[in-house]
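Colleague:
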Amino acid sequence: MKKKILKLLFIMSALVLVSCGESNNDEHANAGLQDSTTSVPDSSAEQTVFYNLPSPLETFTILKISGAAFDKSLLNPVDKISKYTTNAAKAINLGIYSTDLSMSFMYKQNQEVNLYLKNVSALSNSLQIDGSYGQFVFKRMQANENNLDSLMQIVSEASVNTDIYLKENQRNSAVVLIAAGAWIESLHIIANIANKTQKEDVIALVADQRVAISPLVNMLEQHQSDADVAVIIEDMKSLASIYALLEAKEIATATASVEKGIPNVGNNKSYSLSKDQLKSILKKTEAIRNKFTN
8 MKKKILKLLF IMSALVLVSC GESNNDEHAN AGLQDSTTSV PDSSAEQTVF
58 YNLPSPLETF TILKISGAAF DKSLLNPVDK ISKYTTNAAK AINLGIYSTD
108 LSMSFMYKQN QEVNLYLKNV SALSNSLQID GSYGQFVFKR MQANENNLDS
158 LMQIVSEASV NTDIYLKENQ RNSAVVLIAA GAWIESLHII ANIANKTQKE
208 DVIALVADQR VAISPLVNML EQHQSDADVA VIIEDMKSLA SIYALLEAKE
258 IATATASVEK GIPNVGNNKS YSLSKDQLKS ILKKTEAIRN KFTN
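All residue numbers for the sequence shown refer to our numbering, where the first residue is 8 and numbers rise by one.
(1) Mind checking Asp107: buried by the 16 CB within 10 Å criterion, or exposed?
(2) Okay, do the segment 99-113 and the segment 72-85 touch, 3+ Cβ pairs below 8 Å being the bar?
(3) Using beta-carbon positions only, say whether Phe77 and Gln118 come within less than 8 Å of one another.
(4) Determine the burial state of Ala251: buried for a count of at least 16 other Cβ atoms within 10 Å of its Cβ, exposed for fewer.
(5) Tell me the DSSP secondary structure of Tyr114 in three-state form.
(6) Assess, as a yes-or-no matter, whether the segment 123-131 is touched by the segment 210-228 under the definition of 3 or more beta carbon pairs within less than 8 Å.
(7) Which residues mark the beginning and the end of the beta strand (DSSP E) in which Ser310 is found?
(8) What does a CB cutoff of less than 6 Å around Ala98 pick up in its chain, not counting 5 residues either side in sequence?
(9) Report the three-state DSSP secondary structure of Ala75 (helix, strand or coil).
(10) Should Thr93 go down as buried or exposed, given a rule of 16 or more other Cβ atoms within 10 Å for buried?
(11) Going by DSSP in three states, Tyr278 sits in which element: helix, strand or coil?
(12) Assuming Ile191 contacts Phe299 (C-beta within less than 8 Å), just tell me the rounded distance between them.
(13) For Ser65, count the other beta carbons within 10 Å of its own beta carbon; 16 or more makes it buried, fewer makes it exposed. Which is it?
(14) According to the neighbour-count rule (16 or more other Cβ atoms, all chains shown, within 10 Å of its Cβ), is Gln205 buried or exposed?
(15) Quick one: is Gly74 buried, meaning 16 or more other Cβ sit within 10 Å of its Cβ, or exposed?
(16) Hey, Ile249 and Ile197: beta-carbon distance below 8 Å or not?
(17) Going by the DSSP bridge assignment, what does Ala255 pair with across the sheet?
(18) Give the range of the alpha helix (DSSP H) segment to which Val213 is assigned.
(19) Using only CA atoms, which one of Ile295, Tyr91, Met226, Ala294 lies nearest to Ser133?
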């Protein structure tokens, strides 16, 4: 599988928008294919920082390739959805539940897929996010679930179209909250598995998240005038400060995309992560996630 650095906003295109809304407008759905080559200009900082964030689906693809097993206990329980009553809590946990849906989808846990799909749909509807395009994307994903190259291409195309949709509808604050929730949930899952198994490849996956934390903090800071965004920035900065201590080493260009058969989510660097640093990352991640989910 070719290395792809996908935008975290994949969850909006392929999962957050799944089954929300009643429209079956084929013209609207087909727009996803017609616009699939559209590129988002990089003239603004906001557009730029959405790149180089690994999607949950990509992260769990790598996790599965490493041999790590599915662990349902790490997912946010579906029955907690009733606790999320504010728009901020709904947006953050939309990201969290979408990540849980991504993991369930990748590991072919059909019962969990259906349960998390309902929560994603309910929160999307509550936030008034249109879902007809997401339904179309999800059907394409299901049809290509055994072909990782095709799956990643679908995700890559969809992320661009959804990015445009969200910006046109002025949902930027919601976007960053969803992104923060999705990324923290991904880190929560892989850091727990890394700490439990001490598998070198999973620890490396946790370390490689260093490439995502700074862009995510930058993205949040662009919307710090929004009180709901502002309250999570310091926690994210604290996590970023731990990641900043990781030592980097260059990877030769020819081998940068794959190490030991596992795609690298970074660019051309890998990072060393000690047991103490892993525990620090896990502790901080759990504290942030508890604020998000409880």
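Cβ atoms here follow ideal geometry from the backbone N, Cα and C, with glycine treated the same way.
Modeller: Taking the geometry as given:
(1) buried
(2) yes
(3) no
(4) Exposed, by the Cβ-count rule.
(5) coil
(6) no
(7) In the structure as shown, the chain starts at 8 and stops at 301, and residue 310 therefore has no counterpart that could be examined.
(8) Ala181, Leu184, Ile185
(9) coil
(10) exposed
(11) strand
(12) 6 Å
(13) First, the amino acid is wrong: residue 65 is Glu here, not Ser. Glu65 is buried by the Cβ-count criterion.
(14) Sixteen is the threshold: since fewer than 16 other Cβ atoms of the shown chains lie within 10 Å of the Cβ of Gln205, the residue is exposed.
(15) When all chains shown are included, Gly74 counts as exposed.
(16) no
(17) Tyr278
(18) 207-215 is the span of the alpha helix (DSSP H), which, as asked, contains Val213.
(19) Tyr91
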